[in-house]
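A.B. asks: Counted from 1, the sequence shown has number 635 at position 63 by the working numbering; the numbering is strictly sequential.
Glycine residues also receive a C-beta, built at the ideal position from the N, C-alpha and C atoms.
Remember, it's a predicted structure, so these values are computed and weren't measured experimentally.
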Amino acid sequence: MRENILNMPHHLRRQRVVTAEQAAMAMAGVYSCSRLDELKAKFPPEIYNIASSYLRIILSAVNAEELHPKRTWSSSPGGDITGADFYSNDIWPWAVKEISATDSWFGCDPDSSSEKYQPLRSGWGEFAGKDTALKLIAGMAIALEKSGGKYVRGKNLNKSEVARSASRSILEHGDGIDVTDKAFDLLPVD
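#1: With C-beta atoms as the reference, is A633 less than 7 Å away from L639?
#2: To the nearest angstrom, how far is the alpha carbon of Y659 from that of R607?
#3: Rounded to the nearest angstrom, what separates M573 and L708 at their Cα positions?
#4: With a Cβ-Cβ cutoff of 7 Å, do V602 and D657 count as a contact?
#5: Note down the Cα distance separating D662 from A735, rounded to an integer number of angstroms.
#6: Could you tell me which of M712, N728, K727 sits nearest to S739, measuring between CA atoms?
#7: The beta strand (DSSP E) that contains S646, what's its start and end?
#8: Helix, strand or coil for R725, going by three-state DSSP, please let me know.
#9: Can you find the residues in the same chain that come closer than 7 Å, C-beta to C-beta, to F615, ignoring five residues on each side of it along the sequence?
#10: Count the other CB atoms within 10 Å of the CB of D762; is the residue buried (16 or more) or exposed (fewer)?
#11: With respect to the beta strand (DSSP E) encompassing A656, which residues constitute its N-terminal and C-terminal limits?
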């Protein structure tokens, strides 16, 4: 997530004053919107939820006087802060520090990387071995569908047998290679 801010587009990096919503969206990796309601209309709900969470974090930091905005506003006099403007030299270093934090939260185990929990992109994109991976997934689906439960050893899934059946299914449909028993024996077991 830290890269989201470090790789910000020029038009956002050069702004002298940034709204809390713009900062929250940048922390979530969205640069093409200027308001959260615009983001909500254009992006999947998961992205909107991430940006909304960052906005709540920013406003909480303002309330805790950890972050000092240029200006704040609220829905009613004396009410909760609903928005803020920041000088860019105040908000961006704070945001990078916030995203890069590795400290524990609420006394739990150390915080896992937030990147691990980011929503998957809508497309697969290109990567080495994509065709092989897709064929293997299809083969496993076919093998499991035909299995009738033979892939379970006790309460655990017999991964080696699933992989063997997937390999056979792929071979039956063409474009596959035979996988040796030794390769199956080397599969990691949980």
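C.D. replies: Straight from the coordinates:
#1: The count along the sequence shown starts at 1 and reaches residue 633 at position 61. The count along the sequence shown starts at 1 and reaches residue 639 at position 67. Contact: yes.
#2: Stepping through the sequence shown from its first residue, residue 659 is reached at position 87. Stepping through the sequence shown from its first residue, residue 607 is reached at position 35. Answer to the nearest angstrom: the Cα atoms are 17 Å apart.
#3: Within the sequence shown, numbered from 1, the residue matching residue 573 stands at position 1. Within the sequence shown, numbered from 1, the residue matching residue 708 stands at position 136. Low per-residue confidence applies at M573: pLDDT is 45, beneath 50, and the placement is therefore not dependable, though the value from the model is reported in the following sentence. The straight-line gap from Cα to Cα measures roughly 31 Å.
#4: Your numbering for residue 602 matches position 30 in the sequence shown. Your numbering for residue 657 matches position 85 in the sequence shown. Result no, Cβ atoms of V602 and D657 do not sit closer than 7 Å.
#5: Position 90 of the sequence shown, counted from the first residue, corresponds to residue 662. Position 163 of the sequence shown, counted from the first residue, corresponds to residue 735. Looking at the two C-alpha atoms, the distance is approximately 53 Å.
#6: Counting from 1 along the sequence shown, the entry for residue 739 is found at position 167. Cα-wise, what sits closest to S739 is M712.
#7: Counting from 1 along the sequence shown, the entry for residue 646 is found at position 74. Per DSSP, S646 belongs to the beta strand (DSSP E) from 643-646.
#8: What you label residue 725 is simply residue 153 of the sequence shown in a count that begins at 1. Correct three-state label for R725: strand.
#9: Along the sequence shown, read from residue 1 onward, the residue named residue 615 stands at position 43. V602.
#10: To locate residue 762, count along the sequence shown from 1; it is residue 190. At D762 the pLDDT is 49, less than 50, meaning the model places this residue with poor confidence; the figure from the coordinates comes in the next sentence. The residue in question, D762, is exposed, as its Cβ has fewer than 16 Cβ neighbours within 10 Å.
#11: In the sequence shown, the residue the question calls residue 656 occupies position 84. 653-659 is the extent of the beta strand (DSSP E) around A656.
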